[in-house]
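Numbering (the UniProt record's numbering), first residue to last: 1 to 370.
All residues carry an ideal CB built from backbone N, CA and C; glycine is no exception.
In C-alpha coordinates, the structure reads:
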(Lines of atoms letter the chains of each structure in order from A and count residues from 1; the text may use other names and numbers.)
(Lines give C-alpha, C1' and ligand atoms only; values in the text may rest on other atoms or scores of the structure.)
Protein backbone atom coordinates (compact mmCIF):
# COMPACT_ATOMS: atom_id res chain seq x y z
CA UNK A 1 0.00 0.00 0.00
CA UNK A 2 2.88 2.35 0.73
CA UNK A 3 4.26 1.71 -2.76
CA UNK A 4 0.85 2.61 -4.26
CA UNK A 5 0.77 5.87 -2.37
CA UNK A 6 4.27 6.79 -3.50
CA UNK A 7 3.31 6.04 -7.15
CA UNK A 8 -0.13 7.75 -6.99
CA UNK A 9 0.71 10.35 -9.66
CA UNK A 10 1.03 7.55 -12.27
CA UNK A 11 -2.59 6.41 -11.93
CA UNK A 12 -5.01 8.06 -14.42
CA UNK A 13 -8.03 6.12 -13.22
CA UNK A 14 -9.18 3.32 -10.90
CA UNK A 15 -8.37 0.64 -13.48
CA UNK A 16 -4.68 1.62 -13.46
CA UNK A 17 -4.64 1.55 -9.68
CA UNK A 18 -6.22 -1.90 -9.65
CA UNK A 19 -3.71 -3.28 -12.14
CA UNK A 20 -0.82 -1.89 -10.06
CA UNK A 21 -2.18 -3.43 -6.89
CA UNK A 22 -2.80 -6.81 -8.55
CA UNK A 23 0.79 -6.93 -9.85
CA UNK A 24 2.17 -5.95 -6.45
CA UNK A 25 0.11 -8.63 -4.74
CA UNK A 26 1.30 -11.30 -7.17
CA UNK A 27 4.91 -10.35 -6.51
CA UNK A 28 4.44 -10.39 -2.76
CA UNK A 29 2.61 -13.72 -2.90
CA UNK A 30 5.53 -15.21 -4.83
CA UNK A 31 7.98 -13.91 -2.23
CA UNK A 32 5.96 -15.40 0.61
CA UNK A 33 5.67 -18.78 -1.13
CA UNK A 34 9.43 -18.92 -1.57
CA UNK A 35 10.00 -18.05 2.09
CA UNK A 36 7.48 -20.65 3.12
CA UNK A 37 9.16 -23.30 0.99
CA UNK A 38 12.56 -22.36 2.41
CA UNK A 39 11.28 -22.72 5.96
CA UNK A 40 9.94 -26.19 5.19
CA UNK A 41 13.23 -27.14 3.57
CA UNK A 42 15.43 -25.96 6.46
CA UNK A 43 13.30 -26.31 9.45
CA UNK A 44 12.27 -29.69 10.46
CA UNK A 45 11.05 -29.84 14.00
CA UNK A 46 8.81 -26.68 13.79
CA UNK A 47 5.20 -27.16 14.68
CA UNK A 48 3.09 -26.92 11.54
CA UNK A 49 0.57 -24.89 13.48
CA UNK A 50 3.05 -22.06 13.84
CA UNK A 51 3.37 -21.60 10.05
CA UNK A 52 1.37 -18.90 8.23
CA UNK A 53 -0.56 -20.14 5.18
CA UNK A 54 0.40 -18.14 2.09
CA UNK A 55 -2.74 -16.95 0.19
CA UNK A 56 -3.09 -17.10 -3.56
CA UNK A 57 -3.65 -13.97 -5.66
CA UNK A 58 -7.49 -14.01 -5.54
CA UNK A 59 -7.50 -14.47 -1.78
CA UNK A 60 -4.97 -11.67 -1.43
CA UNK A 61 -7.18 -9.37 -3.55
CA UNK A 62 -10.21 -10.15 -1.40
CA UNK A 63 -8.21 -9.43 1.73
CA UNK A 64 -6.97 -6.15 0.25
CA UNK A 65 -10.47 -4.96 -0.74
CA UNK A 66 -11.73 -5.93 2.69
CA UNK A 67 -8.98 -3.90 4.28
CA UNK A 68 -9.67 -0.88 2.00
CA UNK A 69 -13.34 -0.80 3.00
CA UNK A 70 -12.70 -1.85 6.57
CA UNK A 71 -13.51 0.41 9.49
CA UNK A 72 -10.77 2.43 11.18
CA UNK A 73 -7.85 0.36 12.46
CA UNK A 74 -7.28 -0.10 16.15
CA UNK A 75 -3.57 0.72 16.10
CA UNK A 76 -2.87 -0.53 19.63
CA UNK A 77 -4.45 -3.90 18.87
CA UNK A 78 -2.60 -4.12 15.56
CA UNK A 79 0.70 -3.33 17.26
CA UNK A 80 0.06 -5.99 19.90
CA UNK A 81 -0.80 -8.54 17.22
CA UNK A 82 2.34 -7.68 15.24
CA UNK A 83 4.47 -8.11 18.33
CA UNK A 84 2.86 -11.46 19.07
CA UNK A 85 3.55 -12.68 15.54
CA UNK A 86 7.13 -11.45 15.78
CA UNK A 87 7.63 -13.29 19.07
CA UNK A 88 6.18 -16.47 17.57
CA UNK A 89 8.55 -16.31 14.60
CA UNK A 90 11.50 -15.51 16.89
CA UNK A 91 10.66 -18.46 19.13
CA UNK A 92 10.41 -20.80 16.15
CA UNK A 93 13.73 -19.52 14.80
CA UNK A 94 15.51 -19.99 18.13
CA UNK A 95 14.11 -23.50 18.50
CA UNK A 96 15.19 -24.37 14.97
CA UNK A 97 18.69 -22.90 15.31
CA UNK A 98 19.14 -24.10 18.87
CA UNK A 99 18.28 -27.64 17.93
CA UNK A 100 21.06 -27.89 15.37
CA UNK A 101 24.08 -28.10 17.72
CA UNK A 102 22.65 -30.98 19.74
CA UNK A 103 24.17 -33.59 17.47
CA UNK A 104 27.40 -31.58 17.40
CA UNK A 105 27.56 -31.55 21.19
CA UNK A 106 26.78 -35.23 21.27
CA UNK A 107 29.54 -35.89 18.74
CA UNK A 108 32.02 -33.80 20.74
CA UNK A 109 31.06 -35.66 23.88
CA UNK A 110 31.51 -38.99 22.14
CA UNK A 111 34.94 -37.96 20.83
CA UNK A 112 35.97 -36.80 24.31
CA UNK A 113 34.90 -40.13 25.76
CA UNK A 114 36.84 -42.02 23.08
CA UNK A 115 39.95 -39.92 23.68
CA UNK A 116 39.64 -40.52 27.41
CA UNK A 117 39.27 -44.26 26.86
CA UNK A 118 42.29 -44.28 24.51
CA UNK A 119 44.46 -42.36 27.00
CA UNK A 120 43.32 -44.59 29.84
CA UNK A 121 44.07 -47.71 27.81
CA UNK A 122 47.52 -46.38 26.91
CA UNK A 123 48.16 -45.60 30.56
CA UNK A 124 46.92 -49.02 31.64
CA UNK A 125 49.07 -50.69 28.96
CA UNK A 126 52.18 -48.83 30.06
CA UNK A 127 51.40 -49.46 33.71
CA UNK A 128 50.92 -53.17 33.09
CA UNK A 129 54.14 -53.26 31.05
CA UNK A 130 56.03 -51.54 33.87
CA UNK A 131 54.60 -53.96 36.40
CA UNK A 132 55.60 -56.89 34.20
CA UNK A 133 59.15 -55.53 33.82
CA UNK A 134 59.43 -54.89 37.57
CA UNK A 135 58.34 -58.43 38.29
CA UNK A 136 60.73 -59.88 35.71
CA UNK A 137 63.74 -57.91 36.98
CA UNK A 138 63.06 -59.01 40.56
CA UNK A 139 62.30 -62.63 39.72
CA UNK A 140 64.39 -65.56 40.84
CA UNK A 141 65.22 -66.51 37.25
CA UNK A 142 66.75 -63.14 36.35
CA UNK A 143 70.28 -63.41 34.96
CA UNK A 144 72.83 -61.28 36.82
CA UNK A 145 76.03 -60.27 35.04
CA UNK A 146 78.73 -58.55 37.08
CA UNK A 147 82.15 -57.00 36.72
CA UNK A 148 84.47 -56.70 39.71
CA UNK A 149 86.92 -54.03 40.78
CA UNK A 150 89.41 -53.26 38.06
CA UNK A 151 87.43 -55.27 35.51
CA UNK A 152 85.88 -54.17 32.24
CA UNK A 153 84.45 -56.32 29.51
CA UNK A 154 82.05 -56.66 26.58
CA UNK A 155 79.29 -59.23 26.32
CA UNK A 156 76.59 -59.92 23.73
CA UNK A 157 72.98 -60.15 24.86
CA UNK A 158 70.50 -62.60 23.38
CA UNK A 159 69.13 -60.01 20.93
CA UNK A 160 72.61 -59.23 19.57
CA UNK A 161 73.07 -56.00 21.54
CA UNK A 162 76.62 -55.52 22.82
CA UNK A 163 77.05 -54.27 26.38
CA UNK A 164 80.46 -53.01 27.52
CA UNK A 165 80.45 -52.93 31.29
CA UNK A 166 82.62 -50.70 33.43
CA UNK A 167 84.20 -51.73 36.71
CA UNK A 168 82.07 -52.77 39.69
CA UNK A 169 78.87 -52.95 37.66
CA UNK A 170 75.85 -55.23 37.70
CA UNK A 171 73.50 -55.95 34.79
CA UNK A 172 70.18 -57.74 35.30
CA UNK A 173 68.66 -59.53 32.30
CA UNK A 174 65.17 -61.03 32.78
CA UNK A 175 64.31 -64.46 31.32
CA UNK A 176 61.76 -62.84 28.98
CA UNK A 177 64.47 -60.72 27.37
CA UNK A 178 64.42 -60.93 23.54
CA UNK A 179 61.05 -62.69 23.68
CA UNK A 180 58.27 -60.44 24.96
CA UNK A 181 60.41 -57.43 25.93
CA UNK A 182 63.97 -56.05 25.84
CA UNK A 183 64.52 -54.25 29.12
CA UNK A 184 67.60 -54.65 31.32
CA UNK A 185 68.67 -52.98 34.55
CA UNK A 186 72.07 -51.49 35.30
CA UNK A 187 73.73 -50.66 38.60
CA UNK A 188 77.08 -49.21 37.70
CA UNK A 189 78.00 -48.11 34.21
CA UNK A 190 77.88 -49.57 30.72
CA UNK A 191 77.82 -48.67 27.04
CA UNK A 192 75.18 -50.31 24.85
CA UNK A 193 75.45 -50.80 21.08
CA UNK A 194 71.83 -51.71 20.37
CA UNK A 195 70.75 -54.15 17.68
CA UNK A 196 67.44 -53.11 16.04
CA UNK A 197 64.55 -55.51 16.56
CA UNK A 198 63.64 -56.87 13.12
CA UNK A 199 60.90 -59.15 14.48
CA UNK A 200 58.81 -56.77 16.54
CA UNK A 201 59.40 -53.06 15.94
CA UNK A 202 57.50 -52.08 19.09
CA UNK A 203 59.84 -54.22 21.24
CA UNK A 204 62.39 -51.49 21.86
CA UNK A 205 65.57 -51.92 23.85
CA UNK A 206 65.48 -50.14 27.20
CA UNK A 207 67.80 -49.76 30.17
CA UNK A 208 66.65 -49.00 33.68
CA UNK A 209 69.08 -47.01 35.80
CA UNK A 210 67.59 -45.99 39.13
CA UNK A 211 64.54 -43.80 38.43
CA UNK A 212 65.43 -43.50 34.74
CA UNK A 213 64.38 -45.64 31.81
CA UNK A 214 66.46 -45.05 28.67
CA UNK A 215 64.78 -46.33 25.50
CA UNK A 216 66.99 -46.69 22.43
CA UNK A 217 66.12 -45.88 18.82
CA UNK A 218 68.94 -47.55 16.86
CA UNK A 219 71.53 -46.27 19.23
CA UNK A 220 74.90 -46.38 20.94
CA UNK A 221 74.67 -44.79 24.38
CA UNK A 222 76.28 -44.92 27.82
CA UNK A 223 74.68 -44.92 31.25
CA UNK A 224 76.22 -44.37 34.66
CA UNK A 225 74.26 -45.07 37.81
CA UNK A 226 76.00 -46.24 40.95
CA UNK A 227 73.42 -46.44 43.77
CA UNK A 228 75.78 -44.67 46.20
CA UNK A 229 76.23 -41.73 43.81
CA UNK A 230 74.03 -38.65 43.96
CA UNK A 231 73.61 -38.34 40.18
CA UNK A 232 72.76 -40.56 37.21
CA UNK A 233 74.16 -39.83 33.74
CA UNK A 234 73.19 -40.63 30.15
CA UNK A 235 75.30 -39.87 27.06
CA UNK A 236 74.34 -40.64 23.43
CA UNK A 237 77.04 -41.46 20.86
CA UNK A 238 74.85 -42.54 17.92
CA UNK A 239 71.15 -42.32 17.11
CA UNK A 240 68.60 -41.08 19.63
CA UNK A 241 67.17 -42.16 22.97
CA UNK A 242 64.11 -41.29 25.05
CA UNK A 243 64.79 -40.75 28.75
CA UNK A 244 61.87 -41.23 31.13
CA UNK A 245 61.97 -40.27 34.79
CA UNK A 246 59.46 -42.81 36.10
CA UNK A 247 59.02 -41.12 39.48
CA UNK A 248 58.28 -37.62 38.20
CA UNK A 249 56.88 -38.81 34.84
CA UNK A 250 59.02 -36.49 32.73
CA UNK A 251 60.48 -37.37 29.34
CA UNK A 252 63.31 -36.00 27.25
CA UNK A 253 64.69 -36.89 23.84
CA UNK A 254 68.45 -36.97 23.30
CA UNK A 255 70.32 -37.21 20.01
CA UNK A 256 73.92 -38.04 19.21
CA UNK A 257 76.36 -35.85 21.14
CA UNK A 258 73.85 -34.95 23.85
CA UNK A 259 73.64 -36.10 27.45
CA UNK A 260 71.75 -35.43 30.66
CA UNK A 261 72.16 -35.69 34.40
CA UNK A 262 69.52 -36.47 37.01
CA UNK A 263 70.24 -35.75 40.65
CA UNK A 264 68.74 -37.73 43.49
CA UNK A 265 66.33 -34.88 44.31
CA UNK A 266 64.97 -34.83 40.74
CA UNK A 267 66.93 -31.98 39.15
CA UNK A 268 67.32 -32.71 35.45
CA UNK A 269 69.86 -30.92 33.30
CA UNK A 270 72.24 -31.27 30.35
CA UNK A 271 75.46 -33.22 30.73
CA UNK A 272 78.17 -31.01 29.26
CA UNK A 273 81.81 -30.01 29.37
CA UNK A 274 84.05 -31.26 32.15
CA UNK A 275 81.21 -32.97 34.00
CA UNK A 276 80.59 -35.18 30.98
CA UNK A 277 84.30 -35.94 30.73
CA UNK A 278 84.43 -36.90 34.40
CA UNK A 279 81.27 -39.04 34.42
CA UNK A 280 82.05 -41.22 31.41
CA UNK A 281 85.79 -40.88 30.82
CA UNK A 282 86.16 -44.63 31.29
CA UNK A 283 84.54 -45.14 27.86
CA UNK A 284 87.72 -43.51 26.49
CA UNK A 285 90.02 -45.66 28.69
CA UNK A 286 90.77 -42.89 31.19
CA UNK A 287 89.44 -41.52 34.44
CA UNK A 288 89.24 -37.79 35.08
CA UNK A 289 88.91 -35.73 38.26
CA UNK A 290 88.13 -32.03 38.33
CA UNK A 291 88.61 -30.49 41.78
CA UNK A 292 87.11 -33.62 43.30
CA UNK A 293 87.55 -34.15 47.06
CA UNK A 294 90.26 -36.65 47.92
CA UNK A 295 87.80 -38.76 49.93
CA UNK A 296 85.95 -39.52 46.65
CA UNK A 297 89.03 -39.89 44.46
CA UNK A 298 90.57 -42.78 46.41
CA UNK A 299 87.44 -45.01 46.17
CA UNK A 300 87.35 -44.35 42.41
CA UNK A 301 90.95 -45.53 42.06
CA UNK A 302 90.03 -48.63 44.07
CA UNK A 303 87.07 -49.25 41.74
CA UNK A 304 88.81 -48.78 38.40
CA UNK A 305 92.25 -50.25 39.24
CA UNK A 306 91.28 -52.89 41.80
CA UNK A 307 93.63 -51.38 44.36
CA UNK A 308 93.84 -52.46 47.96
CA UNK A 309 94.07 -48.90 49.21
CA UNK A 310 92.49 -46.36 51.53
CA UNK A 311 92.86 -42.79 52.73
CA UNK A 312 94.60 -43.10 56.09
CA UNK A 313 94.09 -39.50 57.22
CA UNK A 314 90.45 -38.37 57.06
CA UNK A 315 91.40 -34.79 57.94
CA UNK A 316 92.64 -34.25 54.38
CA UNK A 317 89.57 -35.82 52.76
CA UNK A 318 88.32 -32.51 51.35
CA UNK A 319 91.60 -31.70 49.60
CA UNK A 320 90.72 -31.00 45.92
CA UNK A 321 92.22 -33.20 43.22
CA UNK A 322 92.40 -32.54 39.47
CA UNK A 323 94.07 -35.11 37.22
CA UNK A 324 93.61 -37.36 34.20
CA UNK A 325 94.88 -40.94 34.35
CA UNK A 326 94.91 -43.74 31.78
CA UNK A 327 93.28 -46.96 32.92
CA UNK A 328 96.23 -49.02 31.72
CA UNK A 329 98.46 -48.86 34.84
CA UNK A 330 97.59 -48.78 38.55
CA UNK A 331 101.17 -47.74 39.34
CA UNK A 332 100.83 -44.66 37.17
CA UNK A 333 97.52 -43.87 38.87
CA UNK A 334 98.91 -43.96 42.43
CA UNK A 335 101.92 -41.90 41.40
CA UNK A 336 99.70 -39.31 39.71
CA UNK A 337 97.54 -39.03 42.84
CA UNK A 338 100.48 -38.48 45.19
CA UNK A 339 101.71 -35.66 42.97
CA UNK A 340 98.29 -34.05 42.44
CA UNK A 341 97.32 -34.08 46.14
CA UNK A 342 100.75 -33.89 47.86
CA UNK A 343 100.47 -37.35 49.37
CA UNK A 344 102.82 -40.02 50.57
CA UNK A 345 102.28 -43.77 50.42
CA UNK A 346 102.71 -46.11 53.33
CA UNK A 347 101.73 -49.75 53.66
CA UNK A 348 99.42 -51.16 56.27
CA UNK A 349 98.07 -54.57 57.08
CA UNK A 350 97.95 -57.07 54.20
CA UNK A 351 100.07 -54.72 52.09
CA UNK A 352 97.26 -52.21 51.92
CA UNK A 353 98.25 -48.90 50.34
CA UNK A 354 97.60 -45.98 52.70
CA UNK A 355 97.58 -42.43 51.38
CA UNK A 356 98.76 -39.81 53.88
CA UNK A 357 99.62 -36.15 53.86
CA UNK A 358 103.20 -35.99 52.61
CA UNK A 359 104.16 -33.31 55.14
CA UNK A 360 103.13 -35.59 58.03
CA UNK A 361 105.25 -38.56 56.95
CA UNK A 362 108.91 -38.47 58.05
CA UNK A 363 111.39 -39.02 55.27
CA UNK A 364 112.79 -42.50 54.91
CA UNK A 365 116.18 -43.00 56.57
CA UNK A 366 119.14 -42.58 54.30
CA UNK A 367 121.10 -45.68 53.39
CA UNK A 368 124.41 -46.39 55.15
CA UNK A 369 127.54 -45.18 53.46
CA UNK A 370 130.23 -47.66 52.69
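According to the DSSP assignment, residue 339 belongs to the alpha helix (DSSP H) that extends over 330 to 341. Take the alpha-carbon of residue 267 and the one of residue 261: they are about 8 Å apart. Here residue 288 has 277, 278, 281, 324 as same chain residues with Cβ atoms under 6 Å from its own Cβ, once five neighbours each way along the sequence are excluded.
The alpha carbon of residue 179 has as its nearest neighbour, out of 205, 259, 156, the alpha carbon of 205.
Our two residues, residue 174 and residue 146, have alpha carbons roughly 14 Å apart in a direct line. Setting aside the 5 residues that flank it on each side, residue 318 is surrounded in the same chain by 293, 294, 295, each with a C-beta closer than 8 Å to its C-beta; the list follows chain order. For residue 326, the number of other beta carbons within 10 angstroms of its own is below 16, and it is reported as exposed. Within the same chain, and ignoring the five residues on either side of residue 336 in sequence, the residues whose Cβ sits closer than 6 Å to its Cβ are 323, 325. Note on geometry: alpha-carbon atoms of residue 132 and residue 203 lie some 14 Å from one another.
Beta-bridge annotation (DSSP): residue 354 is paired with 310, 346.
A direct Cα-Cα distance of roughly 26 Å separates residue 193 from residue 306. Linking residue 176 to residue 208 through their CA atoms gives a straight-line distance of about 15 Å. Cβ atoms of residue 223 and residue 239 stay farther apart than 8 Å, at about 14 Å.
Taking C-beta separations shorter than 6 Å and ignoring five residues to either side along the sequence, the partners of residue 283 in its chain run 191, 222, following chain order.
The beta carbon of residue 195 sits closer than 7 Å to those of 159, 160, 161, all from its chain and outside the five residues before and after it, given in chain order. Residue 333 has its alpha-carbon roughly 24 Å from the corresponding atom of residue 233. Within the UniProt domain "FecR protein" (144 to 241), the complete beta strand (DSSP E) segments at least 3 residues long are 153 to 156, 162 to 165, 169 to 173, 182 to 193, 205 to 209, 212 to 225, listed from N- to C-terminus.
Apart from the 5 residues on each side of it in sequence, residue 312 sits with its Cβ closer than 8 Å to the Cβ of 346, 348, 354, 355, 356 in its chain, given in chain order. Burial is judged here by how many other beta carbons sit within 10 angstroms of a residue's own beta carbon; residue 181 has at least 16 and is buried. In the same chain as residue 328, and ignoring 5 residues on each side of it, the C-beta atoms closer than 8 Å to its own belong to 285, in chain order.
For residue 135, the number of other beta carbons within 10 angstroms of its own is below 16, and it is reported as exposed. Counting of Cβ neighbours within 10 angstroms places residue 216 among the buried residues, the total reaching 16 or more.
Residue range 273 to 280 is occupied by the alpha helix (DSSP H) that includes residue 273. In terms of CA proximity to residue 340, 290 leads the group 275, 265, 290.
Among the bridge pairs identified by DSSP, residue 259 is matched with 235.
When DSSP reads this structure, residue 289 sits in a beta bridge with 323. Annotated three-state conformation of residue 248 is coil, per DSSP.
Secondary structure at residue 253: strand, using DSSP grouped into helix, strand and coil.
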